[in-house]
Amino acid sequence: MATGLPKDAVRDIVARALAEDIGSGDLTTIGAIDADAQCRARIEVRGEGVIAGLPVARQVFLALDPRIEFGELMGDGERVSPGAVVAQLSGSTRAVLTAERTALNFLQRMSGIATLTADYVAAVQGTQTRIVDTRKTAPGLRLLDKYAVRVGGGWNHRMGLFDGILIKDNHLRAAGGVGEAVARARDAAHHLVNIEVEVQTLDEVEEAIESGADIILLDNMTLGDVRDAAGLVAGRCEVEVSGGVDLSTVRGVAECGVDYISVGALTHSASALDLALEIVDD
Numbered sequence: 103m104a105t106g107l108p109k110d111a112v113r114d115i116v117a118r119a120l121a122e123d124i125g126s127g128d129l130t131t132i133g134a135i136d137a138d139a140q141c142r143a144r145i146e147v148r149g150e151g152v153i154a155g156l157p158v159a160r161q162v163f164l165a166l167d168p169r170i171e172f173g174e175l176m177g178d179g180e181r182v183s184p185g186a187v188v189a190q191l192s193g194s195t196r197a198v199l200t201a202e203r204t205a206l207n208f209l210q211r212m213s214g215i216a217t218l219t220a221d222y223v224a225a226v227q228g229t230q231t232r233i234v235d236t237r238k239t240a241p242g243l244r245l246l247d248k249y250a251v252r253v254g255g256g257w258n259h260r261m262g263l264f265d266g267i268l269i270k271d272n273h274l275r276a277a278g279g280v281g282e283a284v285a286r287a288r289d290a291a292h293h294l295v296n297i298e299v300e301v302q303t304l305d306e307v308e309e310a311i312e313s314g315a316d317i318i319l320l321d322n323m324t325l326g327d328v329r330d331a332a333g334l335v336a337g338r339c340e341v342e343v344s345g346g347v348d349l350s351t352v353r354g355v356a357e358c359g360v361d362y363i364s365v366g367a368l369t370h371s372a373s374a375l376d377l378a379l380e381i382v383d384d
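To convert a position in the sequence shown, counted from 1, into this note's numbering, add 102.
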């Protein structure tokens, strides 16, 4: 299994996906294909992008029949073009056909995420800014979504609510403001946890600095305010920008000198990479 994809977790995700699709049985394949039929097949690319998720696709086929031979002809992270063959496989025709859609669903989604991430990373090349993801992932697929971001050259934000403190606007309202929320979070956290706080005005930036926040998240600020905020911070903590950033604007934001730009679209709006499985003649 590729680095960053725990085998047991992937097996569990794959098992749930197959159970969802197969249910009590693949009526079409069982009815039309002999039980002892064998085939060779390949996974072909029909679009431009970055491939991601081949180890997951492999697990889908092996979960139905561990005797299937699955050969990766490319590796996750490689850029692909129409006509490229990323994998070839052979074995039970029934298993290949039953697993086909689930394997492609994983592979197309993950490759789409990696492709969009790579576009954002390329757009800020030469700056100090890292492109990071968010928690706006498909329920149950966060592990795979965030892996695909890394494959595309991006960085992961916190995996969940359990491994990082990010005080957002509703926390601020409920806690009584930036200073109070940061102070209370600091008291509750252990010493290895960074405190990040979301702000929307330059006054809140000043308050966040004074409160000792480790990271300040500038939410939906204008480019001018982002530049001014970065100047106010002046290296005293890290700066992240989120909200309203797309491929046409991300370079300008990065050139303001921020450390991170978080982009929810990486995982909630990436277009699937067009891929297909084709059975080939012997």
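We put the CB at the ideal spot given by N, CA and C, even for glycine.
Cβ neighbours of GLU312 within its own chain (closer than 8 Å, five residues either side excluded): GLY281.
Distance from the CA of ARG252 to the CA of ARG260, rounded to the nearest whole angstrom, comes to 13 Å. In the three-state DSSP reduction, GLY337 falls in the coil class, being neither helix nor strand. Going by DSSP, ALA310 is part of the alpha helix (DSSP H) stretching over 304-313. In this structure LEU349 is not in contact with ALA189, their Cβ atoms being roughly 29 Å apart against a cut-off of 8 Å. When secondary structure is reduced to three states using DSSP, LEU191 falls in the strand class.
Residue pairing of GLN140 in beta bridges, as defined by DSSP: SER194. Scanning its chain for C-beta atoms nearer than 7 Å, with the 5 sequence neighbours on each side dropped, one finds around ARG329 the residues CYS358, in chain order.
Counting only the Cα atoms, ILE233 lies some 8 Å from THR219. Proximity to ASP235 across LEU191, TYR362, ILE381, LEU107 peaks at TYR362, based on C-alpha coordinates. In the structure shown, ASP361 falls within a coil segment according to DSSP collapsed to helix, strand and coil. DSSP, read as helix, strand or coil, puts ALA378 in strand. With 16 or more other CB atoms across the displayed protein chains lying within 10 angstroms of its CB, SER364 is buried.
Beta bridge pairing from DSSP links ARG232 with TYR362.
In the assembly as shown, PHE264 is an exposed residue. Its beta-carbon has fewer than 16 other beta-carbons within 10 Å. In the DSSP assignment, SER344 is bridged to ASP321, SER364. By the Cβ criterion, the stretch 176-188 is not in contact with the stretch 128-141, since fewer than three pairs of Cβ atoms, one from each stretch, lie closer than 8 Å.
Annotation: GLU342 to ALA378 spans about 38 Å, alpha carbon to alpha carbon.
Membership of PHE172 in any alpha helix (DSSP H) is not indicated; the residue belongs instead to the beta strand (DSSP E) covering 171-174.
Counting other Cβ atoms within 10 Å of its Cβ, GLY155 reaches 16 or more and is therefore classed as buried. Per the Cβ contact rule, the stretch 324-338 is not in contact with the stretch 195-211 (fewer than 3 Cβ pairs under 8 Å). For LEU129, the enclosing alpha helix (DSSP H) begins and ends at 129-134.
Counting other Cβ atoms within 10 Å of its Cβ, PRO157 reaches 16 or more and is therefore classed as buried.
By the C-beta criterion, the stretch 296-305 is judged not to be in contact with the stretch 243-251, since fewer than 3 inter-stretch pairs fall below 8 Å. Comparing alpha-carbon positions, the option among ALA336, ALA197, ALA356 lying closest to ARG169 turns out to be ALA197. About 15 Å separates the Cβ atoms of VAL355 and VAL335, ruling out a contact at the 8 Å cut-off. Around the C-beta of ILE267, 16 or more other C-beta atoms lie within 10 Å, and the residue is accordingly described as buried.
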